[in-house]
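First the structure, in the form of structure tokens, and then the observations on it.
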Amino acid sequence: EAGVAQSPRYKIIEKRQSVAFWCNPISGHATLYWYQQILGQGPKLLIQFQNNGVVDDSQLPKDRFSAERLKGVDSTLKIQPAKLEDSAVYLCASSPGASGDSYEQYFGPGTRLTVT
Amino acid sequence: GQQLNQSPQSMFIQEGEDVSMNCTSSSIFNTWLWYKQDPGEGPVLLIALYKAGELTSNGRLTAQFGITRKDSFLNISASIPSDVGIYFCAGLGINTGTASKLTFGTGTRLQVTL
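Residue numbers (the working numbering), protein chains in the order written: chain E, 1 to 116; chain A, 1 to 114.
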């Protein structure tokens with residue numbers, strides 16, 4: 001079974017520029033998550049989708065971050081404009097439960113973003 | 001956001017030794033997950049615990065869901081060099097409505113020497 005795919009793996013941009021990350025979850029997984037992991041810390045949830053709807057975006061900085069999952073499969077996360085403190089690894093994860101009944105989340109390799 | 005406290009923060013052990021680490025929270029959780037993260041990779045799920053008091057094994061790994069629902073423990077027996085990495089606990093809270101929002105711990109960095 002193919003895992004969660006993410007691209008790009010690495011991205012370097014200047015502050016105030018825009019950037020987008022892409023995620024393709026495990027086939028059949030209804031729930032998709034985006035996490036931000038700052039160096040030395042555990043992942044922090046940014047947004048959770050169930051199919052193509054947003055379930056939780058309470059920790060997403062909505063003035064600069066946006067995410068979509070239009071067809072309930074793959075997803076994009078965008079930052080516009082980027083700040084220095086956005087430098088982090090952005091992880092995508094998916095889980096099978098359509099109704100939240102499976103809590104086992106499987107992670108992609110992440111995109112390492114460096115903002116200069 | 002809240003993070004769970006893990007201890008120790010880091011540890012150096014010799015190959016063949018057993019390892020113990022724990023995760024504590026001020027809040028109750030009804031699911032605990034343990035992940036391992038290698039450099040440059042995403043976290044990989046090791047063990048999932050769904051019931052207070054539950055003890056679950058996966059090869060040389062054993063994890064327990066604390067009776068109070070506020071802690072969990074992970075043990076690794078007979079460590080080998082490939083056990084090197086960062087181990088994260090993650091808890092799923094009660095009454096989260098959407099059910100599957102995880103809170104991650106601060107991580108335990110494990111180094112294994114020959």
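A virtual CB, placed ideally from N, CA and C, is assigned to each residue, including glycine.
Segment limits, beta strand (DSSP E) that includes arginine 112 of chain E: In the first sequence, the residue the question calls residue 112 of chain E occupies position 112. It spans 111–115 - the beta strand (DSSP E) in which arginine 112 of chain E sits, taken as one unbroken run.
Where DSSP assigns a beta bridge to aspartate 56 of chain E, which residues make up the other side? Walking along the first sequence from the start, residue 56 of chain E turns up at place 56. Paired residue(s): E:Gln48.
Leaving out the 5 sequence neighbours to the left and right, which residues in its chain are closer than 8 Å to methionine 11 of chain A when beta-carbon positions are compared? Here residue 11 of chain A corresponds to residue number 11 of the second sequence, with the count starting at 1. Cβ neighbours of methionine 11 of chain A beyond the five flanking positions: Val19, Met21, Thr108, Arg109, Leu110 and Gln111.
Nearest neighbour of tyrosine 121 of chain E, chosen from E:Gly28, E:Ile12, E:Ser27 and E:Phe21 [CA to CA]: No answer is possible for residue 121 of chain E: the residues shown for chain E start at 1 and end at 116.
Rounded Cβ spacing between glycine 42 of chain A and glycine 72 of chain E (contact assumed at less than 8 Å): Indexing the second sequence from 1 puts residue 42 of chain A at position 42. Indexing the first sequence from 1 puts residue 72 of chain E at position 72. So it is not a contact: roughly 22 Å between Cβ atoms.
Would DSSP call serine 82 of chain A helix, strand or coil? As a first step, residue 82 of chain A must be located in the second sequence, where it is residue number 82. Here DSSP, grouped into helix, strand and coil, assigns serine 82 of chain A to helix.
Strictly below 8 Å CB to CB, what residues from chain A border glutamate 104 of chain E? Locating residue 104 of chain E in the first sequence gives position 104, where the first residue counts as 1. By Cβ distance, chain A contributes Leu33, Leu45 and Ala48.
Taking only the alpha-carbon atoms, compute the straight-line gap between leucine 74 of chain A and leucine 61 of chain A and give it to the nearest angstrom. In the second sequence, residue 74 of chain A corresponds to position 74, counting from 1. In the second sequence, residue 61 of chain A corresponds to position 61, counting from 1. Each residue's alpha carbon lies about 7 Å from the other.
Chain E contact residues for lysine 101 of chain A, given Cβ-Cβ distances below 7 Å: Position 101 of the second sequence, counted from the start, is the residue given in the question as residue 101 of chain A. Under the 7 Å cutoff, chain E gives Leu45, Gln48 and Asp56.
Alpha carbon to alpha carbon, how far is glycine 85 of chain A from asparagine 51 of chain E? Along the second sequence, read from residue 1 onward, the residue named residue 85 of chain A stands at position 85. Along the first sequence, read from residue 1 onward, the residue named residue 51 of chain E stands at position 51. Approximately 33 Å, taken between the alpha carbons.
So is leucine 102 of chain A buried or exposed if we call it buried at 16+ other beta carbons inside 10 Å? In the second sequence, counting from the first residue as 1, residue 102 of chain A sits at position 102. By the Cβ-count criterion, leucine 102 of chain A is buried, with 16 or more other Cβ atoms from all chains shown falling within 10 Å of its own Cβ.
Three-way DSSP call (helix, strand, coil) for glycine 100 of chain E in this model: For the purposes of this step, residue 100 of chain E is taken as the residue at position 100 of the first sequence. Because glycine 100 of chain E sits at a pLDDT of 47, beneath the cut-off of 50, its placement in the model cannot be relied upon, and the following sentence gives the value as read from the coordinates. Coil.
Assigned exposure category for isoleucine 80 of chain A - 16 Cβ within 10 Å defines buried: Working through the second sequence from its first residue, we reach residue 80 of chain A at position 80. With fewer than 16 Cβ atoms within 10 Å of its Cβ, isoleucine 80 of chain A is classed as exposed.
Hey, would you say arginine 69 of chain A sits closer than 8 Å to isoleucine 28 of chain A, going by beta carbons? Here residue 69 of chain A corresponds to residue number 69 of the second sequence, with the count starting at 1. Here residue 28 of chain A corresponds to residue number 28 of the second sequence, with the count starting at 1. Result yes, Cβ atoms of arginine 69 of chain A and isoleucine 28 of chain A sit closer than 8 Å.
Of all the beta strand (DSSP E) runs that stay within the bounds of the stretch 4–45 of chain E, which reach a length of 3 or more residues? Here the runs fully enclosed are 5–7, 10–13, 19–24 and 31–37.
Label asparagine 40 of chain A either buried or exposed according to how many other C-beta atoms from any shown protein chain fall within 10 Å of its C-beta, with 16 as the threshold for buried. Position 40 of the second sequence, counted from the first residue, corresponds to residue 40 of chain A. The displayed chain sequence assigns glycine, not asparagine, to residue 40 of chain A. Its Cβ having fewer than 16 others within 10 Å, glycine 40 of chain A is exposed.
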